[in-house]
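Residue numbers (the numbering used here): -6 to 67.
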């Protein structure tokens, strides 16, 4: 089997640096997408709580008061 030309150490280093740079860009992109998803999740949870409070005819202050009382008992 014929082998190709062996890469110099400088070429290997350059390739690794390029690969790391590309991976860092990918990681940043994924982090931004994660932030968006977490914000969406938070918004859904807030909407769920808001709807529950409205259905229960509870104000935010009253719900907070109830939760604080429950926390102190536990």
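We put the CB at the ideal spot given by N, CA and C, even for glycine.
Query, Result
"Delimiting residues of the alpha helix (DSSP H) encompassing residue 14", "2 to 48"
"Residue 46 beta carbon less than 7 Å from that of residue 56", "yes"
"Coarse secondary structure for residue 51, derived from DSSP in three states", "coil"
"Euclidean distance between Cα positions of residue 37 and residue 10", "41 Å"
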